[in-house]
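Single-structure report; data block below.
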Amino acid sequence: MKTRNAMIAAAALALAAAAGTLTLAPHAVAQAGDSMMMAANSMGQVWDAFGGNQEAQKYSTSTQITPDNVKDLKVAWSIHTGDVASGGHSTTWGATPLFVNNTVYVGTPFYRIFAVEPDTGKTKWTYSASGHDGPPENQGYKSRGVAYWAASAPEPGQPCQKMVYVGTMNGELHGVDADTGKPCAGFGKNGVVDVNAWLNTNSKWKIGLLQPPAVYKDTLILGWAGNDWVYKTANPGTVYGIDARTGALKWTFNIIPPEMVNETGTANVWAGISVDPETGLAFLPTSSPSPNYYGGDRLQEMPYATATVAVDAETGEVRWSRQLVHHDIWDVDTNSAPTLVDLHKDGQTIPALVQATKMGFLFVLNRNTGEPIYPIEERPVPASDIKGEHAAPTQPYVPIPEPTTADTTPPVSKLADLVSFGECSRWKARLRDEGRFTPPSLQGSISWPATVGGVEWGGGAVDPTTATYVVNSDQVPQVYTLIPRDEANKQYGDALRGKGGYAAQAGSAYGFKLENFLNMWGMPCWAPPYGTLSSYDLNTGKLNWKKPFGQVQKWGFYMPESWGSVTIGAPVITKSGLVFIGASMDSRVRAIDMKTGNVLWKHLVDAPAVSQPAVYTYKGREYVVFTAGGNGILTPRLSDQLVAFALPQK
2 MKTRNAMIAA
12 AALALAAAAG
22 TLTLAPHAVA
32 QAGDSMMMAA
42 NSMGQVWDAF
52 GGNQEAQKYS
62 TSTQITPDNV
72 KDLKVAWSIH
82 TGDVASGGHS
92 TTWGATPLFV
102 NNTVYVGTPF
112 YRIFAVEPDT
122 GKTKWTYSAS
132 GHDGPPENQG
142 YKSRGVAYWA
152 ASAPEPGQPC
162 QKMVYVGTMN
172 GELHGVDADT
182 GKPCAGFGKN
192 GVVDVNAWLN
202 TNSKWKIGLL
212 QPPAVYKDTL
222 ILGWAGNDWV
232 YKTANPGTVY
242 GIDARTGALK
252 WTFNIIPPEM
262 VNETGTANVW
272 AGISVDPETG
282 LAFLPTSSPS
292 PNYYGGDRLQ
302 EMPYATATVA
312 VDAETGEVRW
322 SRQLVHHDIW
332 DVDTNSAPTL
342 VDLHKDGQTI
352 PALVQATKMG
362 FLFVLNRNTG
372 EPIYPIEERP
382 VPASDIKGEH
392 AAPTQPYVPI
402 PEPTTADTTP
412 PVSKLADLVS
422 FGECSRWKAR
432 LRDEGRFTPP
442 SLQGSISWPA
452 TVGGVEWGGG
462 AVDPTTATYV
472 VNSDQVPQVY
482 TLIPRDEANK
492 QYGDALRGKG
502 GYAAQAGSAY
512 GFKLENFLNM
522 WGMPCWAPPY
532 GTLSSYDLNT
542 GKLNWKKPFG
552 QVQKWGFYMP
562 ESWGSVTIGA
572 PVITKSGLVF
582 IGASMDSRVR
592 AIDMKTGNVL
602 WKHLVDAPAV
612 SQPAVYTYKG
622 REYVVFTAGG
632 NGILTPRLSD
642 QLVAFALPQK
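2 is the number of the first residue of the sequence shown in my numbering; add one for each residue after it.
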């Protein structure tokens with residue numbers, strides 16, 4: 002993911018403690034080799050990708066746990082990896098466990114792979130990609146897990162016919178044998194591919210392989226994370242197609258036009274990537290260019306930036322693209338893999354995808370053509386008053402399905418304003434606030450929704466049998482201020498980052514300051530809810546229900562459930578009518594009734610579970626497995642817990 006700054010963390014910090022989630026779902030038996038994997042997993046269904054399957058559906062066909070008996074869920078097993086906050090450095094663990102090859106695989110923030118027994122949590126083997134030697138390139142210790150590949154025609158008696166891959170935040174991709182955990186000697190150099198070797202233009206830092214690659218046949222599709230906000234010109238965004246067996250580079254997709262590479266950077270893919278196994282299209286959610294909050298030096302159109310781009314998974318050739326934010330000056334990256342689902346409208350079956358965004362929009366597109374299934378309107382937005390800047394006059398707007406966030410900033414919290422003696426209302430009166438797409442300014446602008454979302458990097462989940470889509474969303478404004486270069490140099494010198502949320506945007510005409518809209522006591526200056534969970538019928542575009550979700554915990558107290566919580570981590574849906582999700586700041590995982598949105602079960606875990614859970618059935622018993630690792634954006638509470646829940650055995 003694009004590196005999140007400590008100041009973003011403070012926004013959630015002021016809102017409270019910790020919660021968690023992670024998800025498991027089935028794999029669509031369509032691409033070559035899948036039938037073999039299903040046979041190898043006859044004891045339980047496959048969950049072989051970050052999004053449950055390569056389509057990012059986060060859907061499980063398991064039915065043993067139901068709305069009626071979910072209240073009886075208990076801890077089946079729990080382990081601690083030992084990979085948490087070492088040597089004064091924070092860890093960020095948002096890994097989705099995989100269930101495939103009759104094994105649960107999970108990657109850790111110290112770049113280790115754990116292979117564990119699905120029913121006991123007993124460790125089969127571990128693999129270590131690197132030692133504990135500090136945060137690589139200032140991007141920290143982070144992991145969103147591992148990827149899995151199996152040969153469609155395995156060679157008998159040969160190793161590495163099934164492989165697990167883990168990336169590091171210094172640009173190394175490791176490939177190991179899925180059965181033994183031993184490095185695959187034929188993959189790169191002794192099992193390691195140095196992805197940095199392919200990216201040497203304006204290389205300001207080693208890239209981070211935070212998100213596991215997507216898999217299509219014998220190709221891995223790989224994006225990378227960067228160090229945002231500090232430079233005008235930085236590593237230009239690229240996506241790679243890699244041979245799954247050898248690690249050899251097959252193709253490169255360049256997001257930034259070649260004539261612009263010395264004026265900007267990033268616009269990378271740090272989020273998940275989804276793949277249609279029938280058409281071989283890979284769907285890339287691209288991010289904003291640098292400098293993130295001032296675009297006066299990058300006024301030329303970059304149609305692949307902050308967009309969804311469909312490429313041929315075998316060649317990297319662009320098939321279609323749709324830009325979701327024009328001339329992005331808000332850092333509202335396309336931040337999750339689009340979810341693929343077939344819709345039924347007007348007597349037709351339509352191959353679709355749903356791209357959720359930080360702006361709270363749900364773009365529903367034909368995944369073969371990129372054409373909208375529900376209308377996209379170009380609406381006028383506020384103009385910039387910054388010298389040299391030219392904000393786009395219009396932005397894409399999606400009225401159906403209903404956005405997860407409102408068009409205007411929430412009102413000032415009466416409680417927060419009262420206890421701070423009017424601080425919140427006085428501050429807001431000084432700021433520029435024209436609702437969605439208010440540009441950054443010298444006086445300070447309220448950004449709504451801010452870079453923390455809207456919908457965050459997990460995206461939503463879909464029941465493919467009913468086209469019911471469930472997604473959680475943050476409701477968080479922040480304050481964006483541009484600082485002229487001379488003034489920034491006087492205040493911060495040569496610092497790339499500084500106190501109070503400063504980032505240099507070095508090389509551009511303006512530094513940048515991000516502040517959390519909080520009063521002197523750390524209370525949100527805006528009225529709740531701070532987070533919601535919503536359900537949509539994608540066949541009609543209608544909202545089924547929308548409710549505050551999660552709970553804020555602070556000073557030892559739980560705030561009202563009607564306030565909701567800032568969340569990180571996506572839901573998963575089961576065929577039996579349940580939604581499993583962690584994500585909340587209170588470190589509890591929950592089961593939700595899919596029909597009503599009501600909470601049916603919740604359980605305290607060690608830290609927020611900031612990824613979707615895995616759901617699988619093994620030896621006749623259904624399990625829901627969360628990584629409870631935490632994320633400093635939500636709360637300082639971190640852990641290394643991998644915990645599985647199941648119904649009591651009779």
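Glycine included, each C-beta is placed from N, C-alpha and C at the ideal position.
Within the segment 274-335, the runs of beta strand (DSSP E) at least 3 residues long that lie entirely inside it are, in chain order, 275-277, 282-286, 308-313 and 319-324.
For the segment 357-386, there is no continuous alpha helix (DSSP H) assignment of 4+ residues that stays within its boundaries.
In this model, Leu325 and Val456 are separated by some 14 Å (Cα to Cα).
Counting the other CB atoms within 10 Å of its CB gives Pro292 a total of 16 or more, which places it among the buried residues. The alpha-carbon of Thr93 is positioned some 45 Å away from that of Asp347. In the three-state DSSP reduction, Tyr531 falls in the coil class, being neither helix nor strand. By alpha-carbon distance to Tyr142, the top candidate from Ala86, Asn103, Val101 and Ala468 is Ala86. Between Gly176 and Gly158 a beta carbon distance of about 19 Å is seen, past the 8 Å cut, so the two are scored as non-contacting.
For the beta strand (DSSP E) assignment, the uninterrupted runs of no fewer than 3 residues enclosed by the segment 143-226 are, from N- to C-terminal side, 148-151, 163-168, 173-178, 193-195, 215-217 and 220-223. The three-state reading of DSSP puts Arg498 in strand, counting E and B together. For Gly633, the closest alpha carbon among the candidates Gly361, Ala584 and Lys59 is that of Ala584. DSSP places Arg431 in the helix class (H, G or I) of the three-state scheme. Residue pairing of Val101 in beta bridges, as defined by DSSP: Thr104. Taking a contact to require three or more Cβ pairs closer than 8 Å, the segment 330-349 and the segment 314-321 do not qualify as touching. By the C-beta density criterion, Val76 is exposed, having fewer than 16 other C-beta atoms within 10 angstroms.
Val567 carries a coil assignment under DSSP once its states are collapsed to helix, strand and coil.
The beta carbon of Lys547 sits closer than 6 Å to the beta carbons of Thr533 and Ser535 from its chain, once the five residues preceding and following it are set aside; these are given in chain order.
In the DSSP assignment, Asn490 falls within the alpha helix (DSSP H) that extends over Arg486 to Tyr493. Look at the beta carbons and you see the segment 229-238 touching the segment 258-275: at least three pairs across the two are nearer than 8 Å.
Linking Thr265 to Arg622 through their CA atoms gives a straight-line distance of about 52 Å. Secondary structure of Lys620 (DSSP, three-state): coil.
Here DSSP, grouped into helix, strand and coil, assigns Ser588 to coil. Distance check between Gln162 and each of Ala179, Asp418 and Met170 places Ala179 closest, using alpha-carbon atoms only.
Rounded to the nearest whole angstrom, the C-alpha separation of Pro119 and Leu648 is 15 Å. According to DSSP, Ser61 shares a beta bridge with Thr575. DSSP places Pro397 within a strand segment (E or B) once states are collapsed to three.
The DSSP-derived three-state label of Asp49 is coil. The beta-carbon distance between Ser421 and Met303, rounded to whole angstroms, is 42 Å. This is too long to meet the 8 Å contact definition.
If you look at Val240, you'll find it in the beta strand (DSSP E) that goes Thr239 to Asp244. Cβ contact annotation for Gly389 (same chain, cutoff 7 Å, sequence separation greater than five): Gly297 and Ala510, in chain order. When C-alpha distances from Pro184 are compared across Ser63, Tyr128, Gln58 and Ile208, the shortest belongs to Tyr128. In the three-state DSSP reduction, Glu264 falls in the coil class, being neither helix nor strand.
Non-local beta-carbon contacts of Asp386 in its own chain, meaning distances under 7 Å to residues more than five positions away in sequence, involve Ser442 in chain order.
Excluding residues up to 5 positions away in sequence, Thr239, Val240, Val312 and Gly317 lie with their Cβ nearer than 7 Å to the Cβ of Phe254 in the same chain. Counting every other CB atom within 10 Å of its CB across the protein chains shown gives Arg427 a total below 16, marking it as exposed. The alpha-carbon separation between Asn517 and Gly551 amounts to approximately 20 Å.
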